[in-house]
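Chemist: Protein chains in written order, with the working numbering: chain U, 6 to 196; chain V, 425 to 686.
Heads up, the beta-carbon is just placed ideally off N, CA and C, and yes, glycines get one too.
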C-alpha cells in the first residue's frame, strides 16, 4: 500500500518533468514544415570531408611528432581532437537532416506505419547515445582520435543517394511542406 | 480550523465568480465554436456550484444525499473534462491524419493503462471508490496530455498559444488532484478540510490561466496542411530508416574499430 501510495507521487513527478520538457521551445531553426529542409540534405558538411580527412591523417601526425617540438605536437593533437569533435557534430547534423526529412514525410502523410515510426525513434535514441558517448570520451581525452575515413565516405555516398531520392520525390513534397509552412503562421510556438 | 473554513468559503465564492466569468468570456468570444467540449466542461462546472449550494442548503453538508449529488455531478464534470482533453489533443495533431491515427491509438492505450493501474492499486473500500475513480481519471488525463505534447515535440508540430495554456491548466489541475486525492485516501477525514481548500485553490489557478488564454478570439478551424500522396511515405520511410540505421552502424564501426586498434 505504501509503495503504491508513493508511486502516485512518482508518476506525477515524472509527468511534470516530461510535460515541462515537451513544452520547452524546440531549438530555434527549422521545423519539419520548412520547405528548404527538403533541399538542404547533401549540401554543407559533407562537402568539406576530404579536408577533414586530411587533417586527421595519421601519417601527418607521426611525421610532425618526430620532427617538431613536443609542445607543437601537443597543440596539433588538441587541434586534431577539435576537428574530430567538429566532424562528429557534422555527422549528427547529417543524421538530423535525415530525421527531419522523415518527420516531414510522416507529418504530411495520410497514413503512417507504427513500426517505421518506432524504429526511427529507436534509431534516434541509439544514435544520440552513441554520439554523446564518443563526444564525451573525445572531450575528456580518454579516447583515441578515430580514423573517420569510412564514415565520411559513407556520409558522402549517402548524401548523393539522398539527393537522387529527393529528386524522385519531386516538387510535390516541397509544395506540401510550403503549404504547411504557411499554415504554421505567427503567434505559435513549437512544442 | 475556523479561519480555514472562512477562507475556504471566500475561495469558493471566488471560484464560482471565475467560473461564470470564464463562461461569459467563452460565449462573448464565441469560443464555444472552437472548443465545444471545453465549453461544455466549463458550463458543467459553473452549473455544478449552484446545484451543490442548493443541495447543501436542502439536505445539509454532511448528508448522504448531498454526498451523492456532489459525486454524481462530479462524474459528469470529469467526463466532460475527459472530452475537453480529447478535443485539445485533436486540436494539436488531429489535422495530420497519419500521425493522428497513430497518436490516438497510443493516447487511448496510455489512458487505459493508467486507469488499469489506478484501479489495481486502489484501496478496496467502497467509500474510497469514487475518490479512486476520480484519481485514476485525473492521472489518465495527465498521462494523455504528456503523451500528446511529447508527440508534438517529436514531430516538431507547432501548438497554438491558447491550446497550450488550456492544456497547462488541465494538466496542472489533474496532477494536483492526483496528489490531493492520494493524501486524502491515506488520511481520510483528518485531511478533508484541507483537501477541499487545496482543490479549490488549484482550480482557481486553472480558471485564471484559462481566462488569460481565452481573452482573444480564436480561428474556428485551423487550415489543413497539404498532404503527400500515400506512396511517398511507403516508399521513403523504410528507405530513410535504413539509412539512419546504416549511419548509426557506421558511426559505431568507425569509432570502435579505431578504438580497438589502440
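Counting only Cβ-Cβ distances shorter than 9 angstroms, please list the residues of the stretch 649–672 of chain V near chain U, keeping chain order.
Modeler: 649, 650, 651, 652, 653, 654, 656, 657, 658, 659, 660, 661, 662, 663, 664, 665, 667, 668, 669, 670, 671 and 672
Chemist: Determine whether the beta carbon atoms of residue 523(V) and residue 587(V) lie at a separation below 9 angstroms.
Modeler: no
Chemist: Do residue 512(V) and residue 572(V) come within 9 angstroms of each other at the CB atom, strictly closer than that value?
Modeler: Yes, they are a contact pair.
Chemist: Which residues, taken in chain order from the stretch 561–588 of chain V, show a beta carbon closer than 8 angstroms to some beta carbon of chain U?
Modeler: 563, 566, 567, 569, 570, 573, 574, 576, 577, 578, 579, 580, 581, 582, 583, 584, 585 and 588
Chemist: Let me confirm a value: residue 36(U) is counted as buried when at least 16 other C-beta atoms fall within 10 Å, else exposed. Which label applies?
Modeler: For residue 36(U), the predicted model reports a pLDDT of 45, less than 50, meaning its position is unreliable; a value from the coordinates is still stated below. Answer is buried; the Cβ neighbour count reaches 16.
Chemist: Buried or exposed, going by whether 16 or more other CB atoms sit within 10 Å of the CB of residue 41(U)?
Modeler: The pLDDT assigned to residue 41(U) is 47, lower than 50, so where the model puts this residue is not dependable, and the model offers no usable value.
Chemist: Return the residues of the stretch 121–136 of chain U that lie within a Cβ-Cβ distance of less than 8 angstroms from chain V, sorted by chain order.
Modeler: 121, 122, 124, 125, 126, 128, 129, 131, 132, 135 and 136
Chemist: So is residue 113(U) in contact with chain V if we call contact Cβ pairs under 9 angstroms?
Modeler: So, interface residue.
Chemist: Give the residues from the stretch 495–516 of chain V that approach chain U closer than 7 angstroms (Cβ to any Cβ), ordered along the chain.
Modeler: none
Chemist: List the whole-angstrom C-beta distance separating residue 509(V) from residue 569(V), where the pair is believed to meet the contact cut-off of C-beta under 8 angstroms.
Modeler: 6 angstroms
Chemist: Just how far apart, CA to CA, sit residue 113(U) and residue 651(V)?
Modeler: Approximately 5 angstroms between the Cα atoms of the pair.
Chemist: If the cut is a Cβ gap below 7 angstroms, which residues of chain U does residue 522(V) touch?
Modeler: 111, 114, 115, 116 and 117
Chemist: What is the DSSP secondary structure of residue 117(U), counted as helix, strand or coil?
Modeler: If DSSP states are grouped into helix, strand and coil, residue 117(U) belongs with coil.
Chemist: If I follow the unbroken beta strand (DSSP E) through residue 584(V), where does it start and stop?
Modeler: 582–584
Chemist: So is residue 675(V) in contact with chain U if we call contact Cβ pairs under 9 angstroms?
Modeler: For residue 675(V), the answer is yes, since a Cβ of chain U falls inside 9 angstroms of its Cβ.
Chemist: Looking at residue 81(U) and residue 66(U), is the spacing between their C-beta atoms short of 9 angstroms?
Modeler: yes
Chemist: DSSP state of residue 46(U), grouped into three classes?
Modeler: Because residue 46(U) carries a pLDDT of 48, less than 50, the predicted location of this residue cannot be relied on, and the following value inherits that uncertainty. If DSSP states are grouped into helix, strand and coil, residue 46(U) belongs with coil.
Chemist: Could you check whether the Cβ of residue 94(U) sits closer than 9 angstroms to any Cβ belonging to chain V?
Modeler: no
Chemist: Quick one: is residue 67(U) near chain V, going by C-beta distance under 9 angstroms?
Modeler: no
Chemist: Spell out a yes or no on whether the stretch 128–136 of chain U and the stretch 533–542 of chain V are touching, meaning 3 or more CB-CB pairs, one atom from each, closer than 8 angstroms.
Modeler: no
Chemist: Do the CB positions of residue 631(V) and residue 619(V) come within less than 9 angstroms of each other?
Modeler: no
Chemist: Could you work out which residue in 19(U), 142(U), 110(U) and 139(U) is closest to residue 579(V) when comparing CA atoms only?
Modeler: 110(U)
Chemist: Beta-carbon of residue 595(V) versus every beta-carbon of chain U: anything under 9 angstroms?
Modeler: yes
Chemist: Measure the alpha-carbon distance for residue 710(V) versus residue 655(V) and round it to whole angstroms.
Modeler: No information on residue 710(V) is available, as it lies outside the stretch 425 to 686 that chain V covers here.
Chemist: By the criterion of Cβ-Cβ separation under 7 angstroms, what are the contact partners of residue 526(V) in chain U?
Modeler: Here the neighbours are 117, 119 and 122.
Chemist: For the alpha helix (DSSP H) containing residue 485(V), name the first residue and the last one.
Modeler: Residue 485(V): not part of any alpha helix (DSSP H); DSSP gives it neither H nor E.
Chemist: Since residue 27(U) meets chain V, which of its residues come closer than 8 angstroms, beta carbon to beta carbon?
Modeler: 570, 573, 574, 576 and 577
Chemist: Counting Cβ pairs, one atom from each stretch, are 3 or more of them under 8 angstroms apart for the stretch 471–481 of chain V and the stretch 666–674 of chain V?
Modeler: no
Chemist: Let me know if residue 24(U) comes out buried or exposed under the rule of 16 or more other beta-carbons within 10 Å of its beta-carbon.
Modeler: buried
Chemist: Can you name the residues of chain V whose CB is closer than 7 angstroms to the CB of residue 108(U)?
Modeler: 579 and 580
Chemist: Among residues of its own chain, excluding the 5 on either side of residue 562(V), which ones have a beta-carbon nearer than 6 angstroms to its beta-carbon?
Modeler: 598, 601 and 602
Chemist: Taking the alpha-carbon of residue 556(V) as reference, which of 543(V), 460(V), 566(V) and 503(V) has the nearest alpha-carbon?
Modeler: 543(V)
Chemist: Quick one: list the residues of chain U neighbouring residue 610(V), beta-carbon separation under 8 angstroms, in chain order.
Modeler: 10
Chemist: Where does residue 519(V) fall in DSSP's three states?
Modeler: Residue 519(V) sits in coil when the DSSP states are folded into three classes, being neither helix nor strand.
Chemist: Kindly list, in the order they appear in chain U, the residues whose Cβ is closer than 8 angstroms to that of residue 606(V).
Modeler: Neighbours of residue 606(V) in chain U, taken as residues at a C-beta separation under 8 angstroms, are given in chain order as 10, 13 and 14.
Chemist: Candidates 26(U), 10(U), 71(U) and 92(U): which alpha carbon is nearest residue 140(U)'s?
Modeler: When only C-alpha atoms are compared, the closest one is 92(U).
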